[in-house]
Each structure stands twice: as structure tokens, then as C-alpha cells.
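Read the structure below first, then the notes.
2 protein chains.
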Amino acid sequence: MRMAEFSHTSGVPVATIKYYQRERLLPAGQNATPNQADYGATHLDRLRLIRTLLEVGGLSVAATRRVLEALDSDATLPEVFEVAQHVVSAEVDPNLLDPASLARIDSVMAGWHVSPENPGRLAAARVAQSFEAVSQADARGWFGRYAEAALIIAEADLDEIDARPDREAKTETVVVGTVLGDVLISGLRRAAQEHVTSTRYPSSESRHHP
Amino acid sequence: MRMAEFSHTSGVPVATIKYYQRERLLPAGQNATPNQADYGATHLDRLRLIRTLLEVGGLSVAATRRVLEALDSDATLPEVFEVAQHVVSAEVDPNLLDPASLARIDSVMAGWHVSPENPGRLAAARVAQSFEAVSQADARGWFGRYAEAALIIAEADLDEIDARPDREAKTETVVVGTVLGDVLISGLRRAAQEHVTSTRYPSSESRHHP
DNA sequence: ATTTAGTGGATAGTTGCGCTATCGGATAGA
DNA sequence: TCTATCCGATAGCGCAACTATCCACTAAAT
Numbered sequence: 001m002r003m004a005e006f007s008h009t010s011g012v013p014v015a016t017i018k019y020y021q022r023e024r025l026l027p028a029g030q031n032a033t034p035n036q037a038d039y040g041a042t043h044l045d046r047l048r049l050i051r052t053l054l055e056v057g058g059l060s061v062a063a064t065r066r067v068l069e070a071l072d073s074d075a076t077l078p079e080v081f082e083v084a085q086h087v088v089s090a091e092v093d094p095n096l097l098d099p100a101s102l103a104r105i106d107s108v109m110a111g112w113h114v115s116p117e118n119p120g121r122l123a124a125a126r127v128a129q130s131f132e133a134v135s136q137a138d139a140r141g142w143f144g145r146y147a148e149a150a151l152i153i154a155e156a157d158l159d160e161i162d163a164r165p166d167r168e169a170k171t172e173t174v175v176v177g178t179v180l181g182d183v184l185i186s187g188l189r190r191a192a193q194e195h196v197t198s199t200r201y202p203s204s205e206s207r208h209h210p
Numbered sequence: 001m002r003m004a005e006f007s008h009t010s011g012v013p014v015a016t017i018k019y020y021q022r023e024r025l026l027p028a029g030q031n032a033t034p035n036q037a038d039y040g041a042t043h044l045d046r047l048r049l050i051r052t053l054l055e056v057g058g059l060s061v062a063a064t065r066r067v068l069e070a071l072d073s074d075a076t077l078p079e080v081f082e083v084a085q086h087v088v089s090a091e092v093d094p095n096l097l098d099p100a101s102l103a104r105i106d107s108v109m110a111g112w113h114v115s116p117e118n119p120g121r122l123a124a125a126r127v128a129q130s131f132e133a134v135s136q137a138d139a140r141g142w143f144g145r146y147a148e149a150a151l152i153i154a155e156a157d158l159d160e161i162d163a164r165p166d167r168e169a170k171t172e173t174v175v176v177g178t179v180l181g182d183v184l185i186s187g188l189r190r191a192a193q194e195h196v197t198s199t200r201y202p203s204s205e206s207r208h209h210p
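Line by line, the protein sequences give chains A and B. The end of the first sequence is residue 210 by the working numbering, with every number in the run present. The end of the second sequence is residue 210 by the working numbering, with every number in the run present.
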């Protein structure tokens, strides 16, 4: 398949494909003569993965490059996991973090084996700090139930990874699962919020239904 | 308090504060004479809320304006909830959605009372579609356990809102909770992933500890 | 053998966003 | 009166993610 067809079947403009190649997200076509290259199923899969990470996962091009590099390398599964985790986490400077907020988060993760520099731990602590500053209330109960839910999710994630047959499939699941899992839980949370609202307050929450 | 002090105590540059005022996130100072305004605790609170939504919640300025407008209006709690939900959700065109993916998500939400146009439902369906396209596997089990976790979270959210004394506090909690809850669960999920990994594979997952 | 459509590679331009910087006229406070 | 500060308006900046052209070249159709 040549460029025009590649672009057409993938639905991605030619200029954008070239941009991804420049940004080293997508390898050049195979059997490249000076002015003609060949694209196959591998390239289509890769392009679909790229678009998923960018559009559904909301990653930046730079972040996408980082996880793809990890996938292409011979990195071990934990190494890929760590790259994926960092890529979806906003950078949080631990020095700007109120130790009390960190302690609050650590207390809801009691018994967990988590390293201090885990990006999720820092992100959660920042949320705790901001939430309590804005709402001026103790939200420890709220955090605790989130932690319970996080544990269920993490078990599901690991099971899903374990279910893959080989290392390659596992690493891809790590990346895609880490990135899309955040979006999935957010979406399901909104649906669940509507459900819980409507069961608790049967009359008041009808959503634009005459 | 005048502009210089307002900027200093909040840690936000003067030019940025003026920008927020232009963008109608922040009201002008009180008792404004032609060239002097007064800022008080109300303005500080509002600015802190704005920065939290922008920096921690990752909202755009436009999205922040929309939720603040809802907060300032006399909208009912469900109305504010709906604005908040839309603001944190990527717009998904239902026409581009594979009905099979929608059905998959609906099946894991069996028994839930959720309207078809719930933005979370559509977002989840898009994730289902993308994930299964990329991983070429049936992930219904994965989705189902996420739904279980989402239900726990939604109950916690609603309890937290119910705990607020008055409508004003409730609506603010709706907005802040909706926005920060997504970040919180993502963070805790990463921590839980490390925990579960390290308990399942005791040796292999040590995170840069010599 | 000669067109001709298509290609790779390079480079420049566009759009949108979140600020940031500067300016001019006015005024509060010493 | 004088100086520091303010408001309001406008313009500019830096980054990210494309998008659009151009050119030399070549595979393939005639």
C-alpha cells in the first residue's frame, strides 16, 4: 500500500502522517526506494495505536513518543509500566506539597507497598491538598473510599495484563490500559453518578426527559 | 487589599489576574473607583478555586468559566452537576460510535439508571471501542470491574455532597469533586498498581531502590 | 519512450491557548 | 504638588499540533 491509500484507509491526512514520521511516532514505509515506500498492516496498527493514545487517551505527541519508544525497546514489563505511569501523570514537585496532605494520602494507603516517589501518590496528595484548601473540610472518608475503588481497578488491570500470552502483548496492554483506564474510569464514574443520584433522589434528577 | 498585595499573597502575577478578569473568571475588585479596586477574602477564595481547577484539575480557561458561571447562577444542584460533567468530558459524537461498543458498556452498567446521552457513557464506549480495536481482545471482564469501582466512587461522591450544609457548599463540592475526583482516582490507581504488582511479583518490582 | 500522477523530504505557515508585556491616562496617598 | 500605583486596552510571545507548499525524482500508464 502506498501513501495515498494508507492515508485513506486510516482516515489520517497525508500531511499528518508525515508529521508523525518526522516526530518519530511512525516508522518510514518498508522497501523504500528514493521516492516510494510501502505501508502494510503493521503500519496501520501502529497508526491506530498512535491516534488512540492521542485522541482517546489525550496524550501529547511527546508523551506518545516516550511510551512508543518504551514499547519498541526491549525494556522489561516493570520498566514499561513505569514509563506509562509517568507519561499519564502531571509532574508534581514534592517540595511544594504540604506534608500533612501527603500523610493524609499515605494513611488511606495504609498497608500498601508504594514507593515515595510514585507519581500517583504525589498526584493524589496534591489533590488532597487542593480539595481541602478549597472546600475547607476534612475529606479523609472520601479519599478512603477512592482508595478502595483504586485497589479493585488495579487488580483488574493486573489480571488483564496477566491474561496476555506473550511479552509483546503484555507491554502493549500495559501502555494502552494505563492510558485508557483513566478515561474509562472517569466515564463510568459519571454514569454511576447519574445512576446513584437518580436512585437516591428519584424525582429530582431526570435528565431532559419530558 | 489592592492589586499588588492581592497578587503577592495569592502568588499569581498581576498580568495573569487581569487576564482572568478579562476572561470573566474573576470579578473586578469591590468599591472600584475609576482606578482603584479592593480585593478581599472572597476574591482570594475565588482565585484559589480558579487555580485549582486550571492546574490541578487540568481544565481549560473556557471550561473553568462555564463551571464558575454555573456556580454563580441560581442553578439547581442537578443542573450544576450536569455542567460539571460535561466540562470534564471530551465531546464524543455518538454517530461515530460502534453500536457494539455501546452495547458492551451498557451491559456492564446493567441495572443502572443512566440516560443515553450521559457524557460518561459515551466516553466509556469510545474507550471500549478503541481498546478492543487496538488489543484485539474481549475486555468485558475488565470493564465490569471498573464499573464496580465506579459505583463505589459515585456513592462516595454523593455522600460527600450530602454532607455539605447548604446549597452553596453543595454546588461547590459538586464542581470541585467532579473535577478533582478524576485526578484523585487516577493517582490512587497508579499507587495501587505498584502495590498490587509488588505483592504479586515480590522480587521483580522494586522501584529504583538499590 | 514519454508523459503523468504520486512520493519523500524539507520548510514554512496556521490556529488556538495561556499567558506576559507595555502603554496611556487617571488618581490615591504622602 | 508629586509620585507610586492602578485600570483598561492592546499587542506580543511561546508552545503544541497540525497543515500547506515546493521540489526533485521516479514508478507506472500510455
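All C-beta atoms, glycine included, are put in the ideal place defined by N, C-alpha and C.
Cβ shell of A:Asn31 (< 6 Å), same chain only, five flanking positions each side left out: Apart from sequence neighbours up to five positions away, the residues of its chain that approach A:Asn31 with a beta-carbon distance below 6 Å are Asp38, ordered along the chain.
Does the pairing of the region 155-173 of chain B with the region 131-144 of chain B give three or more beta-carbon distances under 8 Å? No: the two stretches stay apart, fewer than three of their Cβ pairs being nearer than 8 Å.
Since A:Val56 contacts B:Arg126 with CB under 8 Å, what's their CB separation in whole angstroms? About 6 Å separates the beta carbon of A:Val56 from that of B:Arg126, a gap short enough to meet the 8 Å contact definition.
Can you grab the Cα-Cα spacing for the pair B:Val114 / B:Ala123, in whole Å? Taking the straight line joining both Cα atoms gives about 13 Å.
Host beta strand (DSSP E) of A:Gln30 (start-end): DSSP places A:Gln30 in the uninterrupted beta strand (DSSP E) bounded by Gln30 to Thr33.
Have a look at A:Val67, A:Thr42 and A:Lys18 and flag the residue whose alpha-carbon is nearest the alpha-carbon of A:Val176. With distances taken between Cα atoms, A:Val176 lies closest to A:Val67.
Three-state secondary structure (DSSP) at B:Pro119? B:Pro119 falls in the helix class under three-state DSSP.
Between A:Leu26 and A:His43, which are expected to be in contact by the criterion C-beta below 8 Å, what is the C-beta distance as a whole number of angstroms? With 8 Å as the limit, A:Leu26 and A:His43 qualify as a contact, their Cβ atoms being about 7 Å apart.
So is A:Asn118 buried or exposed if we call it buried at 16+ other beta carbons inside 10 Å? Taking all protein chains in view, the Cβ of A:Asn118 is crowded by 16 or more other Cβ atoms within 10 Å, so the residue is classified as buried.
Looking at the C-beta of B:Asp182, does it have a partner C-beta in chain A at a distance below 7 Å? Yes, its Cβ sits closer than 7 Å to a Cβ of chain A.
So, do the region 182-199 of chain B and the region 144-156 of chain A have three or more beta carbon pairs nearer to each other than 8 Å? In this structure the region 182-199 of chain B lies against the region 144-156 of chain A, because at least three pairs of beta carbons, one per stretch, are closer than 8 Å.
Out of curiosity, what's the CA-to-CA distance linking B:Leu59 and B:Asp182? For B:Leu59 and B:Asp182, the distance between alpha carbons rounds to 12 Å.
Tell me the residue span of the beta strand (DSSP E) that contains A:Gln36. Looking at the DSSP string, the run of the beta strand (DSSP E) that includes A:Gln36 is Gln36 to Asp38.
DSSP three-state label for A:Val137, please. Just to set this straight, residue 137 of chain A is Ala in the shown sequence, not Val. Coil.
Buried/exposed call for B:Ala41, threshold 16 Cβ in 10 Å: Its Cβ having fewer than 16 others within 10 Å, B:Ala41 is exposed.
Closer than 7 Å to chain A by CB, B:Tyr39: It does not; no Cβ of chain A falls within 7 Å.
Three-way DSSP call (helix, strand, coil) for A:His195 in this model: Correct three-state label for A:His195: helix.
Per-residue DSSP class, three states only, for A:Ser73: It is coil, neither helix nor strand.
Go ahead and pull the three-state DSSP assignment for A:Tyr146. Reduced to three states, the DSSP call for A:Tyr146 is helix.
Chain B within 7 Å of A:Asn118, Cβ atoms only: Yes - at least one Cβ of chain B is within 7 Å of the one on A:Asn118.
Candidates B:Thr178, B:Thr197 and B:Gln193: closest to B:Val88 by CA position: Nearest to B:Val88 by alpha-carbon distance, out of B:Thr178, B:Thr197 and B:Gln193, is B:Thr178.
Using alpha carbons as the reference points, say which of B:Val83, B:Gly29 and B:Phe131 lies closest to A:Ile50. Ranking the options by Cα distance to A:Ile50, first place goes to B:Phe131.
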